[in-house]
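Asker: Every letter in the sequence shown is one number past the one before it in numbering that gives the first Met the number 0, and letter 3, counting from 1, is 2.
Just so you know, even glycine gets a beta-carbon here, dropped at the ideal spot from N, CA and C.
Keep in mind that this is a model prediction, so the values were computed, not measured.
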Amino acid sequence: MPSSPRHSYAITLHQSTYQPLLAALDMDEWTFKRRVAVDGAIGGSGIINSKSLIQQGISDSSQSSSFRAHREKLERLLREGLDVQWEHALEKVEETPNNNHVVLYFQNGQNLTSDYVIGIDGPHSNTRKSLIPATEFTILPFVAFNGKRRVTRALFDGLYAPAMKDSNVIELKLRDAVLNISINENTADQVSVSWIYSRPSRGSSDPLHKPNRPVSGATEIPTEFYDEISKLGNLEQPFKEIFDSEKLKLERVLHWLMRTVLVSLPELQELGKKGVFFMGDSVHAEPIIGGHGANAAIRDGVGLAKCISQDGPAGILKWYETQYGVWKQGVESSERKISEIHSEPTSVL
Numbered sequence: 000m001p002s003s004p005r006h007s008y009a010i011t012l013h014q015s016t017y018q019p020l021l022a023a024l025d026m027d028e029w030t031f032k033r034r035v036a037v038d039g040a041i042g043g044s045g046i047i048n049s050k051s052l053i054q055q056g057i058s059d060s061s062q063s064s065s066f067r068a069h070r071e072k073l074e075r076l077l078r079e080g081l082d083v084q085w086e087h088a089l090e091k092v093e094e095t096p097n098n099n100h101v102v103l104y105f106q107n108g109q110n111l112t113s114d115y116v117i118g119i120d121g122p123h124s125n126t127r128k129s130l131i132p133a134t135e136f137t138i139l140p141f142v143a144f145n146g147k148r149r150v151t152r153a154l155f156d157g158l159y160a161p162a163m164k165d166s167n168v169i170e171l172k173l174r175d176a177v178l179n180i181s182i183n184e185n186t187a188d189q190v191s192v193s194w195i196y197s198r199p200s201r202g203s204s205d206p207l208h209k210p211n212r213p214v215s216g217a218t219e220i221p222t223e224f225y226d227e228i229s230k231l232g233n234l235e236q237p238f239k240e241i242f243d244s245e246k247l248k249l250e251r252v253l254h255w256l257m258r259t260v261l262v263s264l265p266e267l268q269e270l271g272k273k274g275v276f277f278m279g280d281s282v283h284a285e286p287i288i289g290g291h292g293a294n295a296a297i298r299d300g301v302g303l304a305k306c307i308s309q310d311g312p313a314g315i316l317k318w319y320e321t322q323y324g325v326w327k328q329g330v331e332s333s334e335r336k337i338s339e340i341h342s343e344p345t346s347v348l
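Listed below in structure tokens is the structure:
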């Protein structure tokens, strides 16, 4: 049964992140990229040309080896040979009265009692919400909207390819606003692309900044967004094609909140003593723009697996201590990065 919802979008993978996976997968780098790169179907390797980006977002020491991967293809590769039980969306987690076990309650009505649980259910983690309910997001003062579009091969070759050249991501900056276009999947017949429009918040009266909106409000797009897009001016291609307000009105647009989460080390250790552990953006989330959440989560997975194989679950508390500083630094760095990306150019006198 396929994953639901489908994660048919791209993420940037750094060599320092995916290299440890290759040994576990018993796979060479060329084959790995061909399997998961956004353009692997047409013989590509997900190249990112840093000159096409507003700011150098690739922190890996070997820039040329960072690439754009299709998340769904990556997940499909990682779960080969595993018995994944779908249709078990987690609703809540409770501790038993004697605190010796935890009970997982699923939306399908089933439940499961376990000695150990690892919460890796993302920034909206129901595991975290159940057991550390006081944890709150830090909402960053930035506006961001996202959408997808499928374009024909002819249109892509005519409008997109001349600008994108050898890169699967391109960006354009207009004062403090950033326009981003990236390839999700490039095949012989058509190309799936994503776009992002982002800028700093204009203050409490900004109709596009809704820091308190519910998760369900992500699809409620204010008319002021389309008005703002229509005033961007005569953009170069393919930005002109993508950021067409009339076309966007007919498509699915999402409002993104830029937010971070960092659960305290004492809280993690206390739950760890009860057999509940966490990793990834369920406990140290970084914003989509400026962050490296996917890479951090993969590194967590590899590191935690190694820890358990060597020391068993008892070693996880020590693993927390070695990783927490890295998590904290990652969150703080991502907050600085998103500000730098959207800073207005300074004039030189």
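1) Please report how far the alpha carbon of M0 lies from the alpha carbon of G324, in whole angstroms.
2) Taking R149 as the reference, which of D165, E184, S200 and P140 has the closest Cα?
3) Who are the Cβ neighbours of I119 in its own chain at under 7 Å, not counting the five residues just before and after it?
4) Could you tell me which uninterrupted beta strand (DSSP E) segments, each at least 3 residues in length, are contained entirely in the region 96–138, listed from first to last along the chain?
5) Please classify G232 as buried or exposed, where buried requires at least 16 neighbouring CB atoms within 10 angstroms.
6) So L253 packs on G146, CB below 8 Å; how close in whole Å?
7) Taking three-plus beta-carbon pairs below 8 Å as touching, is the region 283–298 in contact with the region 333–342?
8) Which partner residues of N294 appear in the DSSP bridge assignment?
9) Looking only at C-alpha atoms, which of S51, V330 and N294 sits nearest to Y258?
10) Can you tell me which of the three DSSP states V347 falls into?
11) I'd like the list of long-range same chain contacts for V262, defined as Cβ closer than 8 Å, with 5 residues on each side in sequence excluded.
12) Measure the C-alpha to C-alpha separation of R33 and Q328 and round it to an integer number of angstroms.
13) Taking Q106 as the reference, which of N97, L89 and P96 has the closest Cα?
14) To the nearest angstrom, how far is it from the Cα of S51 to the Cα of D82?
15) Provide the residue(s) that pair with F141 in DSSP beta bridges, ordered along the chain.
16) Skipping 5 residues on each side, what residues in its chain have a beta carbon closer than 6 Å to that of A295?
17) Buried or exposed for S308, please, with buried defined as at least 16 other CB atoms from any protein chain shown within 10 angstroms of its CB.
18) Is the beta carbon of I10 closer than 8 Å to that of R70?
19) Can the beta-carbon of I46 be found closer than 8 Å to that of S166?
20) Of all the options E93, Y225 and L256, which has the alpha carbon lying nearest to the alpha carbon of A217?
21) In this structure, how does DSSP classify K209 when only helix, strand and coil are distinguished?
22) Among W318, P312, G311 and A313, which has the Cα closest to the Cα of G302?
23) Can T134 be considered in contact with the ligand NAD, in the sense that its beta carbon sits closer than 7 Å to one or more heavy atoms?
24) Roughly how many angstroms separate the alpha carbons of Y196 and N98, rounded to a whole number?
25) Report yes or no: do three or more beta-carbon pairs, one from the region 233–245 and one from the region 208–217, lie closer than 8 Å?
26) Among E320, F141 and Y159, which one has its Cα closest to the Cα of S203?
27) What residues in its chain sit with their C-beta under 6 Å from that of Y159, if we drop five residues either side in the sequence?
28) Kindly provide the ranges of any beta strand (DSSP E) runs that are 3 or more residues long and lie completely inside the region 230–282, ordered along the chain.
Answerer: Walking through what the data contain:
1) Residue numbering aside, residue 0 sits at position 1 when the sequence shown is read from its first letter. Residue numbering aside, residue 324 sits at position 325 when the sequence shown is read from its first letter. A caution first: M0 carries a pLDDT of 47, below 50, which makes its placement in the model unreliable, though a value can still be read off. So the two alpha carbons sit approximately 38 Å from each other.
2) Residue mapping note: residue 149 aligns to position 150 of the sequence shown, counting from 1. It is E184 whose Cα lies nearest to the Cα of R149.
3) The count along the sequence shown starts at 1 and reaches residue 119 at position 120. These residues qualify, in order along the chain: M278, G279 and S281.
4) 101–105, 110–113 and 116–118
5) Position 233 of the sequence shown, counting from 1, holds the residue named residue 232. G232 should be labelled exposed.
6) Taking the sequence shown and counting its residues from 1, the one referred to as residue 253 is at position 254. Taking the sequence shown and counting its residues from 1, the one referred to as residue 146 is at position 147. With a Cβ gap of about 7 Å, L253 and G146 count as contacting.
7) Yes, since at least three Cβ pairs between the region 283–298 and the region 333–342 fall closer than 8 Å, the two stretches touch.
8) Counting from 1 along the sequence shown, the entry for residue 294 is found at position 295. As DSSP reads the structure, N294 sits in no beta bridge.
9) Locating residue 258 in the sequence shown gives position 259, where the first residue counts as 1. Residue identity differs from the one stated: residue 258 is Arg in this sequence, not Tyr. Taking each of S51, V330 and N294 in turn and checking the Cα distance to R258, the smallest one comes out for V330.
10) Looking up residue 347 in the sequence shown gives position 348. Summary for V347: the model assigns pLDDT 48, below 50, so the residue's position carries little reliability, and this model does not support an answer.
11) Position 263 of the sequence shown holds residue 262. Around V262: R127, I131, T134, F277, V282 and H283.
12) Along the sequence shown, read from residue 1 onward, the residue named residue 33 stands at position 34. Along the sequence shown, read from residue 1 onward, the residue named residue 328 stands at position 329. If I take the Cα positions, the gap works out to 32 Å.
13) For the purposes of this step, residue 106 is taken as residue 107 along the sequence shown, with counting starting at 1. The shortest C-alpha separation from Q106 is found at L89.
14) On the sequence shown, residue 51 is found 52 positions in, with the first residue counted as 1. On the sequence shown, residue 82 is found 83 positions in, with the first residue counted as 1. Cα to Cα, S51 sits roughly 41 Å from D82.
15) Along the sequence shown, read from residue 1 onward, the residue named residue 141 stands at position 142. Beta-bridge pairing links F141 to P199.
16) The residue labelled residue 295 in the question sits at position 296 within the sequence shown. Closer than 6 Å at Cβ, skipping near neighbours: G329.
17) Along the sequence shown, read from residue 1 onward, the residue named residue 308 stands at position 309. Its Cβ having fewer than 16 others within 10 Å, S308 is exposed.
18) As a working note, residue 70 is residue 71 in the sequence shown. As a working note, residue 10 is residue 11 in the sequence shown. Contact: yes.
19) For the purposes of this step, residue 46 is identified with residue 47 of the sequence shown, where counting begins at 1. For the purposes of this step, residue 166 is identified with residue 167 of the sequence shown, where counting begins at 1. Taking 8 Å as the Cβ cut-off, I46 and S166 qualify as a contacting pair.
20) Position 218 of the sequence shown holds residue 217. Residue L256 holds the alpha-carbon nearest to the alpha-carbon of A217 among E93, Y225 and L256.
21) For the purposes of this step, residue 209 is taken as the residue at position 210 of the sequence shown. If DSSP states are grouped into helix, strand and coil, K209 belongs with coil.
22) Within the sequence shown, numbered from 1, the residue matching residue 302 stands at position 303. When each option's Cα is compared against that of G302, the closest is W318.
23) No copy of the ligand NAD appears in this structure; indeed no ligand is present at all.
24) Within the sequence shown, numbered from 1, the residue matching residue 196 stands at position 197. Within the sequence shown, numbered from 1, the residue matching residue 98 stands at position 99. Between Y196 and N98, the C-alpha separation is close to 47 Å.
25) no
26) Start at 1 with the first residue of the sequence shown, and residue 203 comes out as number 204. The candidate whose alpha carbon is nearest that of S203 is F141.
27) For this step, residue 159 is matched to residue 160 along the sequence shown. Only P237 meet the Cβ criterion.
28) 252–255, 258–261 and 275–277
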